[in-house]
Structures are given as C-alpha cells and as structure tokens.
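Going by my numbering, the sequence shown opens with residue 81, and the numbers climb by one from there.
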Amino acid sequence: MMSTDHSPSLSSGHQTGNVAFVCSYFLLFVIALLFNSVSAWVSLHLRSTSTFIVYLKNLVAADLLVTLCLPLIAVSKLPGASVEVVSFTCRYTFVIYFSCLYITLALMGLISLDRYFKVVRPYGRLLGQSVMFSLVLSTSVWIVIFGSTAVPTLILASQVPFNRTEDVCAFVFSPGGQALHRFVVLFTNILFWLISLVIGFCYICITLKVLQSFRNSASNNSQGSRKTKLRVFLILLEFVLCFVPLHLLRIPNTLIKLFHSDYGVANEPNLLSDLFLWMSTANVCLDPLLYISLCKEYRNKLVDMMEAAGICVGLCSSEKQDDSQDTSQ
81 MMSTDHSPSL
91 SSGHQTGNVA
101 FVCSYFLLFV
111 IALLFNSVSA
121 WVSLHLRSTS
131 TFIVYLKNLV
141 AADLLVTLCL
151 PLIAVSKLPG
161 ASVEVVSFTC
171 RYTFVIYFSC
181 LYITLALMGL
191 ISLDRYFKVV
201 RPYGRLLGQS
211 VMFSLVLSTS
221 VWIVIFGSTA
231 VPTLILASQV
241 PFNRTEDVCA
251 FVFSPGGQAL
261 HRFVVLFTNI
271 LFWLISLVIG
281 FCYICITLKV
291 LQSFRNSASN
301 NSQGSRKTKL
311 RVFLILLEFV
321 LCFVPLHLLR
331 IPNTLIKLFH
341 SDYGVANEPN
351 LLSDLFLWMS
361 TANVCLDPLL
371 YISLCKEYRN
381 KLVDMMEAAG
391 ICVGLCSSEK
401 QDDSQDTSQ
C-alpha cells in the first residue's frame with residue numbers, strides 16, 4: 081500500500097523531476113476535484129436501484145478521498161518541504177491515498193463482474209446480481225482493505241525523522257511497522273493480481289459474447305448499437321493504462337522489500353515509478369467519464385441537472401434521444 085519509493089529526494093537531479101510532478105499533481109487535483117464533485121452531487125440524487133449504481137457511489141467516494149490527498153502529496157514533493165510536512169504525508173496522507181487507490185481497484189473488479197453478468201448472463205438471478213449483495217460486498221471491500229492496511233499502518237507509523245537526509249517515509253515506521261509494511265506490500269500486490277485475473281476472465285467472456293452478437297446480428301446491427309456494446313471495454317482500457325504499468329514496474333522492488341531489511345536500497349528515486357504512480361492517480365479523472373458512458377441513470381440525471389442550471393442546450397435533447405436506444409446500463 082504505502083510505498084516509500086515515492087518519498088521526496090534530496091538529489092538535485094530528482095528535484096527537477098519533483099517540481100514537474102508537483103505541477104502535474106496540482107493540475108490533476110483541480111480537474112479531479114471538479115469532476116468528482118459533480119459526480120458526488122449527481123450520485124447523491126441517484127437511487128441505488130442497480131448493482132452498478134451501488135459500485136458507482138462507492139467509487140465516487142474513494143476517488144474523492146484520493147483527490148483530497150493530492151495537494152499534500154504535491155507539497156511534500158517540493159524541494160523545500162519541511163520534514164514535518166513530509167513526515168505527516170508519509171504517516172497519514174499516503175496511507176489513506178494508497179488504501180483508497182486499492183479500494184478503487186477492487187471496485188473496478190466488481191464493476192467488471194457486473195458487466196460480465198449484464199452482457200453474458202443478462203437474465204440470470206445470481207447472488208452477484210442482487211443489489212443487497214452488492215451493498216454488502218462494497219462495504220466489505222472498505223472494511224477489509226482499510227482494516228488490514230490503513231488502520232494498523234496509521235498506528236505503527238509512529239516515528240518522526242529529524243531531518244530529510246534520510247528516506248523519510250522509510251523511517252516513520254517502528255520495528256513492528258516495518259514488518260507490517262512488508263505484509264501490506266505483499267497483500268496489495270496479491271490483491272492487484274487477483275483483481276487482474278477477475279477482470280481478465282470477465283473481459284475474455286464479454287469479448288466472446290460481443291463477437292458472437294456481432295456475427296449473429298450483422299445485417300441488423302446499427303452503428304449505434306455496436307458503439308453501445310463496445311463501451312463496456314472502457315473499464316478494461318482504463319485499468320490497463322492506469323494500473324498495469326505501475327504494478328509491473330513494482331515487481332522487482334516488491335521482492336526487495338520482502339526479502340531485504342535495508343529500506344534505503346529498495347527505494348532509490350525513480351522518475352519512471354513516479355510517472356506510473358501519477359498515471360494510476362489519473363484514474364480519478366477518468367472514472368467520471370466511465371459513469372457517463374456506462375450508466376444511463378447517471379447520464380440522464382446529469383443532463384437533467386445541467387438543464388436545470390441552464391448549462392445544457394442542444395446537447396441535452398440529443399443525449400436523451402440516444403439513451404432511448406441505449407442498453408449500456
């Protein structure tokens with residue numbers, strides 16, 4: 081979860097990269113805050129009538145928490161940031177940030193399962209298609225991930241470094257916290273690859289079903305209907321672009337953390353790792369676009385609110401007309 085390879089570095093070469101990332105994180109924060117504030121407002125006016133809407137609301141909450149962490153993460157990367165700011169970010173902000181990031185991943189896995197049920201077994205009555213079960217499942221995701229990673233880490237990350245000549249995030253852990261950190265690293269990596277297997281299985285089945293549908297209705301299938309069916313792959317696209325590069329890069333670093341006690345060796349500044357982490361964080365800007373593409377109820381509510389605010393003119397009628405033929409949600 082809380083990976084220390086993103087701690088601010090004192091090397092002059094890395095400082096230049098940090099300044100660039102500070103600007104990019106602040107830009108990401110502004111866009112994400114705007115998008116997710118709108119998403120939160122819309123989701124508050126939606127009734128939880130489907131499993132997708134349940135997962136959507138939980139995803140909005142996780143994305144908002146990640147968004148609120150971004151300013152402190154950006155400030156901690158500034159070359160002149162005080163040790164107190166960096167220590168606070170390592171002990172609290174990064175913990176909440178990474179917990180919510182993996183909650184987002186878990187919810188994307190659940191949404192992929194939901195899409196699988198909708199496309200492959202649209203008339204089924206399985207437990208996974210129950211709204212009540214989705215409420216229990218999404219609540220369990222929060223409890224398990226926060227309870228097994230964030231809560232104990234917040235308790236055991238109790239050391240306060242004296243200066244920034246050290247790898248600050250590595251030295252906020254007590255001895256017990258260092259052992260816990262290794263467990264958390266292993267747990268979150270296993271979680272990611274399990275979610276990857278679930279998403280991979282779901283989209284293999286969805287792909288086969290969509291291809292079969294295209295073949296069976298080649299003569300009758302309109303271009304609009306094809307676009308509707310292809311929208312479901314946006315989740316897979318976001319997952320691959322945002323999360324896969326970071327976790328592939330982390331495989332060797334994770335092995336070092338698990339089998340070596342020297343945290344300094346395991347956490348050399350890595351601009352590529354910072355870039356991939358930024359890409360993972362950028363999912364908070366992409367998720368609201370997924371809601372518009374995949375959820376008809378969300379889209380209609382957003383259009384209604386835009387109409388009421390006088391923002392939407394010709395777009396509103398065309399969107400609603402498209403929704404009359406939309407089967408994406």
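By construction, the Cβ of each residue, glycine as well, lies at the ideal position given by its N, Cα and C atoms. This structure is a prediction, so every number in the text was calculated from the model and none was measured.
Exercise. In whole angstroms, what separates the C-alpha of ALA389 from that of LEU370?
Worked result: Residue 389 sits at position 309 when you count from the first residue of the sequence shown. Residue 370 sits at position 290 when you count from the first residue of the sequence shown. Each residue's alpha carbon lies about 23 Å from the other.
Problem set entry | Burial state of CYS375, where buried means 16 or more other Cβ atoms lie within 10 Å | Along the sequence shown, one-based indexing puts residue 375 at 295. Flag for CYS375 reads buried.
Exercise. In the structure shown, what three-state DSSP assignment does TYR196 receive?
Worked result: Position 116 of the sequence shown, counted from the start, is the residue given in the question as residue 196. In this structure, TYR196 counts as helix in the three-state DSSP scheme.
Exercise. So, VAL146 versus TYR172, is the Cβ gap smaller than 9 Å?
Worked result: The sequence position of residue 146 within the sequence shown is 66, counting from 1. The sequence position of residue 172 within the sequence shown is 92, counting from 1. For VAL146 and TYR172, no; Cβs fall outside 9 Å.
For this session: Use the C-beta contact count for MET188: other C-beta atoms within 10 angstroms, 16 or more gives buried, fewer gives exposed.
Result: For the purposes of this step, residue 188 is identified with residue 108 of the sequence shown, where counting begins at 1. When all chains shown are included, MET188 counts as buried.
For this session: Grab me the residues of GLU377's own chain with a C-beta within less than 8 Å of its C-beta, minus the 5 sequence neighbours each way, in chain order.
Result: Here the question's residue 377 lines up with position 297 in the sequence shown. So the qualifying residues of the chain are LEU126, THR129, SER130, ILE133 and GLN409.
Exercise. Are at least three pairs of beta-carbons, each pair with one atom in the segment 358 to 367 and one in the segment 111 to 124, less than 8 Å apart?
Worked result: yes
Exercise. Under the rule that 16 or more other beta-carbon atoms within 10 Å means buried, what is ARG295, buried or exposed?
Worked result: Counting from one through the sequence shown, the residue named residue 295 turns up at place 215. In this structure ARG295 is exposed. Its beta-carbon is surrounded by fewer than 16 other beta-carbon atoms within 10 angstroms.
Problem set entry | Residue closest to ALA230, alpha-carbon to alpha-carbon, out of ARG379, VAL278, VAL265 and SER214 | Sequence index remark: in the sequence shown, residue 230 carries index 150 (1-based). For ALA230, the nearest C-alpha among the options comes from VAL265.
Problem set entry | Helix, strand or coil at SER254 [DSSP, three-state] | Position 174 of the sequence shown, counting from 1, holds the residue named residue 254. Residue state, collapsed to three classes: coil.
Problem set entry | Nearest residue (CA-CA) to CYS180, options GLN292, LEU335, CYS103 and VAL140 | Here residue 180 is taken as the residue at index 100 of the sequence shown, counted from 1. Ranking GLN292, LEU335, CYS103 and VAL140 by Cα distance to CYS180 puts VAL140 first.
Problem set entry | Distance, CYS170 Cα to PHE106 Cα | Counted from its first residue, the sequence shown places residue 106 at position 26. Counted from its first residue, the sequence shown places residue 170 at position 90. Between the alpha carbons of PHE106 and CYS170 lies a gap of roughly 18 Å.
Exercise. From what residue to what residue does the alpha helix (DSSP H) around PRO368 run?
Worked result: Numbered from its first residue, the sequence shown carries residue 368 at position 288. 363 to 374 is the span of the alpha helix (DSSP H), which, as asked, contains PRO368.
Exercise. By Cβ distance, which residues of its chain are closer than 8 Å to LEU236, with the 5 residues on each side in sequence left out?
Worked result: What you label residue 236 is simply residue 156 of the sequence shown in a count that begins at 1. Cβ within range, chain order: PHE253, SER254, GLY256, GLY257 and LEU260.
Problem set entry | Three-pair Cβ contact test at 8 Å for the segment 148 to 162 versus the segment 274 to 290 | no
Problem set entry | Beta carbon of LEU234 nearer than 9 Å to that of VAL166 | Along the sequence shown, one-based indexing puts residue 234 at 154. Along the sequence shown, one-based indexing puts residue 166 at 86. Taking 9 Å as the Cβ cut-off, LEU234 and VAL166 do not qualify as a contacting pair.
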